[in-house]
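Novice: Be aware that the sequence shown starts at 1, since it is given in the UniProt record's numbering, and climbs by one per residue.
No residue lacks a Cβ here, since even glycine has one placed at the ideal position from N, Cα and C.
Before I ask anything, let me first share the structure, which is written out below as structure tokens.
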Amino acid sequence: MGALLANWPWENLGSNKYFLYGPFIAQVAQLWWKGETISNTWSFHILLLCSLRGVLHQLWHTYCNMLFLSLKRRINHQGIDFKQIDHEWNWDNFIILQALVGSLMLYMFPSLTNWNVLWDVRGLIAALLIHMVVSEPLYYTIHRLFHNQPKLYNNYHSLHHLSPVLQPYTAGNATFLEHILLLGIMGIPLVGAALMGYGSIGLIYIYVLAFDFLRCLGHSNVEIFPHQIFEVLPIFRYLLYTPTYHSIHHSEKDCNFCLFMPIYDLLGNTLNGKSWEMQKQISLNSEKNVRVPDFVFLAHVVDISSALHVPWLFRAYAALPFSVRWFLLPCWPIVLLVMFMMWAWAKPFTVSFYNLRGKLHHTWVVPRFGFQYFLPFATKGINKQIEHAILKADKMGVKVLSLAALNKNEALNGGGTLFVNKHPNLKVRVVHGNTLTAAVILHELPNNVEEVFLTGATSKLGRAIALYLSRKQVRVLTWIVGKWITPREQNWAPTGAHFHQFVVPPILHFRRDCTYGDLAAMKLPEDAQGLGSCEYTMERGVVHACHAGGVVHSLEGWTHHEVGAIDVDRIDVVWKSAMKHGLKPV
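See below:
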């Protein structure tokens, strides 16, 4: 049992909590069905405002986690891991709370809002003044109290500070009691303006969205302000906080308590003296503020659906293994447009990162979709993209670059040999990772297997598997598929066959009388840090075998390229190295 008002009333409802919006939707639907104007009802405006608030947080999250835009100006360079994502899973509880309380207030005091007045500038001025002289000092006092009183901090506010890396969603992650108090702080300027006779629909939208915008700004972990602003206008330092300013509060916890205006920290003698110097250093050194990765996994987009499975879009979706979700279908036209734009202009870009034993691992993406790799006229352009990524990594000082899936296709570039032969002086080691992929597939087979029916035996992996098994006096038991296979072709497999998979996308599960394995993969060591998104259909912490192969190459410090044909003699060597470093088969 937690402290009083620490837990949310709908905490056990899970995603069913969204049914609390049901009465609002029902009222709007009823009015629409009757042909009445829905814009004159508060239910419509509450639903619209809640939707806009969700979109606002999503846009902030997208910007902050588009590493190709924000990486250089990040304040905390840790990654957001699954633990933090789960901790902040219900970040939007406060939006539901404010919708319910707001509707109750409007039901009890309908005069607070004149739905016929769209906008009144006097209301904005009144709300801003009330915010500055009432809401700001009130928040400062309450916030400082929650830090200074151990019981209040331990029972309530510590939940907010458990997130190691600030994110826009962190702003909403707090206890029920804290959000009740914050609701009151937000409501004072709106109620005050309404009581003065200056209330309007526009004021509610602008104030609430601006409030959320500034909260997301402070928790963004990206320093967006150029330091010159505060040098030209020093007074501005005390009128609006910066992401750096608030990050210091989270790291030190005994300073920078203000809501949005640091002047109250100045008056309360809690302003951290290094706030502006730190902000200036991050702004000045943005070009030097990026650590060179030790290892890069060069992936590509699989299809339209999986293109939405990236950390900067829907965080909760990316934190789970990929599957097609019906509610994302409306996004497909946008993805198609982005696909054509990437085809025309984009270069490989950074998608995610994590740390492993002091080494920084990046995932870069070639801006091409899976089907494009099978268009004859597109192969030259794809190889240019891959070559660009390799040369960029070489120039940066990356140690190992691993080619994913179709980026190492034999027909495309000979499993990476094209680039190694063209650039013999590469310092970065190019790796296809298929040696470990072969090892994973081979170790999936039962120890007592005597016969294997192998298809795709002319492929790189097929050849290696066939040679390895023949040395072990193995013939046939299961069907290992090394290429895409149609449902019709699957009918050739005998009843009880098991499909071992190592291609993307995976084989369709067509036969009910057969079993299907997962894509060849390995679980990263337990000490991997900052991993917060799933790699395609893999479970949390699991990566494709070719990715794991590059990780092993990096951890071992091997200096050879792993391109072209698989060296059968190294299959056991690579497997033993993977086991030694704590990677696990799945």
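Using a threshold of 9 Å, state whether the C-beta atoms of Ser286 and Lys72 are closer than that.
Specialist: Their beta carbons are under 9 Å apart, which means Ser286 touches Lys72 by this criterion.
Novice: Which runs of the beta strand (DSSP E) at least 3 residues long sit entirely within the region 271 to 338? Give them in chain order.
Specialist: Counting only runs of 3 or more, we get 295 to 300.
Novice: Which same chain residues end up closer than 7 Å to Asp394 when comparing Cβ atoms and leaving out the 5 residues on each side of it in sequence?
Specialist: Cβ within range, chain order: Leu426, Lys427, Val428.
Novice: Please state whether the Cβ-Cβ distance between Val431 and Gly416 is less than 9 Å.
Specialist: Yes; because the gap between Cβ atoms is below 9 Å, this pair is in contact.
Novice: Determine the contact status of Phe225 and Val301, defining contact as a CB-CB distance below 9 Å.
Specialist: No, they are not a contact pair.
Novice: Could you tell me if Pro330 is buried or exposed, where buried requires 16 or more neighbouring beta carbons within 10 angstroms of its beta carbon?
Specialist: The residue in question, Pro330, is exposed, as its Cβ has fewer than 16 Cβ neighbours within 10 Å.
Novice: Among the candidates Lys584, Ser554, Val310, Ser533, whose CA atom is the shortest distance from the CA of Asp86?
Specialist: Asp86 has its Cα closest to that of Ser533, out of Lys584, Ser554, Val310, Ser533.
Novice: Report the rounded CA-to-CA distance for Gly2 versus Leu159, giving the unit in angstroms.
Specialist: Straight-line Cα distance between these residues: approximately 12 Å.
Novice: Starting from the C-beta of Arg237, find all residues in its chain whose C-beta is less than 7 Å away, skip the five residues before and the five after it, and write them out in chain order.
Specialist: These residues qualify, in order along the chain: Phe230, Pro262, Trp276.
Novice: What is the residue span of the alpha helix (DSSP H) that Phe260 lies within?
Specialist: Looking at the DSSP string, Phe260 is not in any alpha helix (DSSP H), and its letter there is neither H nor E.
Novice: How would you label Trp119, buried or exposed, when you count the other beta carbons within 10 angstroms and need 16 or more for buried?
Specialist: The residue in question, Trp119, is exposed, as its Cβ has fewer than 16 Cβ neighbours within 10 Å.
Novice: Buried or exposed for Asn269, going by 16 or more other Cβ atoms inside 10 Å?
Specialist: Counting Cβ neighbours within 10 Å, Asn269 comes out exposed, since fewer than 16 surround it.
Novice: Between which two residues does the beta strand (DSSP E) holding Trp33 run?
Specialist: Per DSSP, Trp33 belongs to no beta strand (DSSP E); it is in the alpha helix (DSSP H), 22 to 34.
Novice: Between Phe322, Leu31, Met196, Val563, which has its C-alpha nearest Leu129's C-alpha?
Specialist: Measuring from the Cα of Leu129, the nearest candidate turns out to be Met196.
Novice: Short check: CB of Thr350 to CB of His362, under 9 Å?
Specialist: Contact: yes.
Novice: If Asn173 sits next to Ile75, beta carbons under 8 Å apart, how far is it from one beta carbon to the other, in whole angstroms?
Specialist: In fact, because the Cβ distance is near 18 Å, the residues do not count as touching under 8 Å.
Novice: Return the first residue and the last residue of the alpha helix (DSSP H) that Asn383 is part of.
Specialist: 379 to 396 is the extent of the alpha helix (DSSP H) around Asn383.
Novice: Here's a check: name, in chain order, each residue in its chain whose Cβ is nearer than 7 Å to the Cβ of His581, leaving out the five neighbours to either side.
Specialist: Correct list, in chain order: Pro525, Val552, Leu555.
Novice: Hey, would you say Leu259 sits closer than 9 Å to Ile185, going by beta carbons?
Specialist: Cβ distance < 9 Å, so Leu259 and Ile185 count as in contact.
Novice: Following the continuous beta strand (DSSP E) through Phe453, name the residue where it begins and the one where it ends.
Specialist: Segment 451 to 454, the beta strand (DSSP E) holding Phe453.
Novice: Which partner residues of Ser352 appear in the DSSP bridge assignment?
Specialist: Thr363.
Novice: Measuring alpha carbon to alpha carbon, tell me which of Leu183, Pro168, Ser163, Tyr205 ends up nearest Cys216.
Specialist: Ranking the options by Cα distance to Cys216, first place goes to Pro168.
Novice: Using the C-alpha atoms, what's the distance from Leu418 back to Met342?
Specialist: Approximately 24 Å, taken between the alpha carbons.
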